Amino acid sequence: MNSLHTIPRKDGFRLWSEHDWHSGSWMLWPERQDNWRMGAKFAQKAFAEIANTIAGFEPITVCVSASQFENARNQLSENVRVIEMSSQEAFMRDVAPTFLTNGSEIRGIDWTFNGYGGLLEGLYFPWNLDDQIAMKVCELIGIRRYKVHEFVFEGCAFRYDGEGTIVVTEECLLSEGRNPSLSKEDMESTLKEYLGIDKVIWLKRGLYMDEGKGHIDNLFCFVKPGESLLSWTDDETHPQYEIVHEALEILGNEEDASGRKITIHKMPLPKPIVITREEAEGIDKNAFSISRREGDRLVGSYLNFYLPNGGLIYPVFDEETDIAAEELLKEFFPHRKLVGIDAHEVFLGGGGIHSIVSAQPGIQRGLL
969 MNSLHTIPRK
979 DGFRLWSEHD
989 WHSGSWMLWP
999 ERQDNWRMGA
1009 KFAQKAFAEI
1019 ANTIAGFEPI
1029 TVCVSASQFE
1039 NARNQLSENV
1049 RVIEMSSQEA
1059 FMRDVAPTFL
1069 TNGSEIRGID
1079 WTFNGYGGLL
1089 EGLYFPWNLD
1099 DQIAMKVCEL
1109 IGIRRYKVHE
1119 FVFEGCAFRY
1129 DGEGTIVVTE
1139 ECLLSEGRNP
1149 SLSKEDMEST
1159 LKEYLGIDKV
1169 IWLKRGLYMD
1179 EGKGHIDNLF
1189 CFVKPGESLL
1199 SWTDDETHPQ
1209 YEIVHEALEI
1219 LGNEEDASGR
1229 KITIHKMPLP
1239 KPIVITREEA
1249 EGIDKNAFSI
1259 SRREGDRLVG
1269 SYLNFYLPNG
1279 GLIYPVFDEE
1289 TDIAAEELLK
1299 EFFPHRKLVG
1309 IDAHEVFLGG
1319 GGIHSIVSAQ
1329 PGIQRGLL
C-alpha cells in the first residue's frame, strides 16, 4: 500500500498552493438520495457542468460507483476521464489526499475522515468508503502516502497562502465529534509537521449553517501571500454578520508566517439560500443523515470557487451581488478566465464548487 511512517517535514515535503499549476483535478459523482433531491438528478447535472467546464482547462477524473457509471459517462464530455470507485458522498476535497511536494516529487496525506463528526455530530453514516478515497487516489496515481490515524481533518477545513501560513477554525478542528482527545496545541503541532507550514491562524467559527461545521472555505481565502478575501456583510440582520466581523477582528491582529499583516478585501455575501418545499420534499428520509426541511438556511458564498489552470470557476446566485463578486475576482485574478456557474444544487447538498473538486499538483506531468 506504499504507506510511509515518517514525518513529511523531516522528509522535506510541504503543502503546495492550489494557485500553482495542476496536473489535473478529481471529483466524485453524487447519488445519495437522502442528500441530493430527486434521486440526485439535479445535482448530477450541476456536477457534470462543473466537470465539463474544468476539462476545458485541465485533465479531470470523475470517480463513480458501478451503478452510476453509465449514467455519468453519458453526461460527461469525452475529455473527462471516468473511473469506477465506491464512495458514500461526493465532496472530493474533503476526502482526497492532501498533496505535498518537495519540488520534484508529490506525496499525499491520508487523514482520518468520519463524516464531519462521527456518530456524535456527523452528517451521515456510514463513511468507511469515503475514508478509503485518499488511499485509492494515491495508489491510482502511484504516489506514496502518509496515513494519519486519529486525526480527523478535511480539505475544506483550511486555506493556504503558499508561503507557510494556513487559516482554520476552532469550530471545525476542535469539534467534539472530530478530535475530542487532542488539544489545540497538539493539533497545531501535527499540522505544522505534516503540512510543512510555520503558522496556523485560528478563527473562531465558519459561516452560520455551514454543514461542514466550521469549514473555512466559505468564509475566507488567500488571493496571494499576504492578501485575502473575506466573506462580508454590513447588514446587521444578516445571519453571517457577527461571524464575518469577528473574523475580521481576529485577522486584523494576526501576522502570517513571514511577519506580514494580511491585507483583507471584502467579498459580498449573497442572500441566504432557503430550502423550498419542493426541494425538501424531493429528498429521501433517512435516520442516518441530516434532515432538510422547508425554510432551512444553507450557506452560499462566492469564495467557494475553484482554480483550474488558467481559469476560475465560481458560483453565481442570479442577483446583484454577482456583479460585485465578478468585479472583485477579475481584479485579483486578472490572468484567469472567469466562468460563473449556477451551483444552487451543489449548495443544497451542503457544499460548493471548491468543496467538490480536488486539485493534483503539476510536478509530475502525465500522471493523469
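Heads up, the sequence shown is in this note's numbering, so the first residue is 969 and it goes up one at a time.
We put the CB at the ideal spot given by N, CA and C, even for glycine.
If you're wondering where the values come from, they're calculated on a predicted model, not measured in any experiment.
Item to check | Element boundaries [alpha helix (DSSP H), containing Gln1012] | outcome: Translated into the one-based positions of the sequence shown, residue 1012 becomes position 44. Segment Lys1009 to Ile1022, the alpha helix (DSSP H) holding Gln1012.
Checklist entry - Name the DSSP beta bridge partners of Trp1170, please? => result For the purposes of this step, residue 1170 is identified with residue 202 of the sequence shown, where counting begins at 1. Val1136, per the DSSP bridge assignment.
Item to check | Per DSSP, the bridge partner or partners of Tyr1084 | outcome: Walking along the sequence shown from the start, residue 1084 turns up at place 116. Bridge partners of Tyr1084: none, in fact.
Checklist entry - Just how far apart, CA to CA, sit Leu1097 and Asn1003? => result The residue labelled residue 1097 in the question sits at position 129 within the sequence shown. The residue labelled residue 1003 in the question sits at position 35 within the sequence shown. Spanning the two alpha carbons is a distance of roughly 17 Å.
Next on the checklist: I'd like to check one pair, Thr1021 with Val1050: are the Cβ atoms closer than 9 Å?
Outcome noted: For the purposes of this step, residue 1050 is taken as the residue at position 82 of the sequence shown. For the purposes of this step, residue 1021 is taken as the residue at position 53 of the sequence shown. Taking 9 Å as the Cβ cut-off, Val1050 and Thr1021 do not qualify as a contacting pair.
Checklist entry - Thinking C-beta only, is Met1177 closer than 9 Å to Val1032? => result To locate residue 1032, count along the sequence shown from 1; it is residue 64. To locate residue 1177, count along the sequence shown from 1; it is residue 209. Cβ distance not < 9 Å, so Val1032 and Met1177 don't count as in contact.
Checklist entry - How should Gly1334 be labelled, buried or exposed, when 16 other C-beta atoms within 10 angstroms of its C-beta is the threshold for buried? => result Numbered from 1 along the sequence shown, position 366 holds the residue referred to as residue 1334. Low per-residue confidence applies at Gly1334: pLDDT is 38, beneath 50, and the placement is therefore not dependable, though the value from the model is reported in the following sentence. Classification of Gly1334: exposed, given that the 10 Å Cβ count is below 16.
Checklist entry - So Ile1184 and Leu1171 are in contact, right, with Cβ under 8 Å, and what is the actual spacing, rounded? => result Locating residue 1184 in the sequence shown gives position 216, counting from the first residue. Locating residue 1171 in the sequence shown gives position 203, counting from the first residue. That belief holds up - the Cβ atoms of Ile1184 and Leu1171 are roughly 7 Å apart, short of 8 Å.
Checklist entry - Within 8 Å: the Cβ of Ile1018 and any heavy atom of the ligand COA? => result As presented, the structure is devoid of all ligands, the ligand COA included, so that no description of it is given.
Item to check | C-alpha distance - Ile1309 paired with Met995, whole-angstrom precision | outcome: In the sequence shown, residue 1309 corresponds to position 341, counting from 1. In the sequence shown, residue 995 corresponds to position 27, counting from 1. Taking the straight line joining both Cα atoms gives about 16 Å.
Checklist entry - Can you give the beta carbon distance from Glu1287 to Leu1306, rounded, assuming they're within the 8 Å contact cut? => result Within the sequence shown, the letter at position 319 stands for residue 1287. Within the sequence shown, the letter at position 338 stands for residue 1306. Their Cβ separation, rounded to whole angstroms, is 17 Å, which puts Glu1287 and Leu1306 out of contact at 8 Å.
Item to check | Alpha-carbon to alpha-carbon, Gly1318 and Glu1179 | outcome: Here residue 1179 corresponds to residue number 211 of the sequence shown, with the count starting at 1. Here residue 1318 corresponds to residue number 350 of the sequence shown, with the count starting at 1. In a straight line, the C-alpha of Glu1179 is about 6 Å away from that of Gly1318.
Item to check | Spatially closest choice to Pro1238 from Leu1271, Ser1055, Ile1211 and Ser1257, by CA coordinates | outcome: Locating residue 1238 in the sequence shown gives position 270, where the first residue counts as 1. Of the listed residues, the one whose Cα sits closest to Pro1238 is Leu1271.
Checklist entry - Does the beta-carbon of Pro1302 have 16 or more other beta-carbons within 10 angstroms, so that it is buried, or is it exposed? => result Here residue 1302 is taken as the residue at index 334 of the sequence shown, counted from 1. Pro1302 comes out exposed.
Item to check | Other residues of its chain near Gly1330: CB distance less than 6 Å, five sequence neighbours each side excluded | outcome: Taking the first residue of the sequence shown as 1, we reach residue 1330 at position 362. Once the five neighbours on either side are set aside, the close Cβ partners of Gly1330 are Trp989, His990 and Ser991.
Next on the checklist: Quick check on Pro1148: buried or exposed, where buried means 16 or more other Cβ atoms within 10 Å of its Cβ?
Outcome noted: In the sequence shown, the residue the question calls residue 1148 occupies position 180. Pro1148 should be labelled exposed.
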